[in-house]
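Visitor: Mind having a look at this structure? Questions to follow.
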Amino acid sequence: MAESKTILIAEDSSVILNLTKKILELQNYKILTAKNGTEVLNQVQNQKIDAILMDLNIPKKNGMECTKEIRSSDNKQIAEIPIIAVTGNANNYTMEQFKEAGINAYLPKPLDFDMLVQTVKQYVV
C-alpha cells in the first residue's frame, strides 16, 4: 500500500479543524494541525508535508503571511508545498493576491467537504 500523504491543517476553530481532520482521515491522509501561523511555520520546518489547508485568518501570522514565508524558503521541497487557502472572507482578497502570495487553490467557508476532498486529491498525488 502507498505511503499515506501528510496534510497540515492550519485552522484556529476547533470545530472546523476536527471536522476537516475527520473527513481527510477517512481518505487515508495523515493529519497534522496548527492553530496559528507560528505553529504552521514550525511544522513545515520539522515534517515532510504534502499539502497545507491554510485558514487565512489564523492568529500570530495570518495565512497570507505564512504562505509568502513558505514560498520564500530556500528549501525547494518546502517552497513548493501545495497551499489551499480556506476562508470565510475571500472577498477581502482577489485571485491576483492569492496568486501573488503563492496560493494554489481556494476553498470558501462553510466548507463543502466533497470539494475539499476533490481539491486535496488534485494537489496531493
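Mapping of the sequence shown onto numbering that gives the first Met the number 0: position 56 corresponds to residue 55, and the numbering continues sequentially without gaps. For glycine and all other residues, C-beta sits at the position ideal for the given N, C-alpha and C.
So for Ile48, helix, strand or coil by DSSP?
Guide: Of the three classes helix, strand and coil, the one that applies to Ile48 here is coil, per DSSP.
Visitor: Can you have a look at Met94 and say buried or exposed, based on whether 16 or more other CB atoms are within 10 angstroms of its CB?
Guide: Exposed, since its Cβ has fewer than 16 Cβ neighbours within 10 Å.
Visitor: Closer than 7 Å by C-beta to Glu24: which residues in its own chain qualify, once you throw out the five before and the five after it? Chain order, please.
Guide: Taken in chain order, the residues that qualify are Ile30.
Visitor: Hey, would you say Gly36 sits closer than 8 Å to Asn61, going by beta carbons?
Guide: The answer is yes: Cβ separation under 8 Å.
Visitor: I believe Ile51 touches Ile82 by the beta-carbon criterion, under 8 Å. Please report the beta-carbon distance rounded to the nearest angstrom.
Guide: With 8 Å as the limit, Ile51 and Ile82 qualify as a contact, their Cβ atoms being about 5 Å apart.
Visitor: Report all residues from its chain with a CB closer than 6 Å to the CB of Val85; omit the five preceding and five following residues, and keep chain order.
Guide: If we look at Val85 and ignore the five residues flanking it on each side, its Cβ neighbours are Leu52, Asp54 and Leu106.
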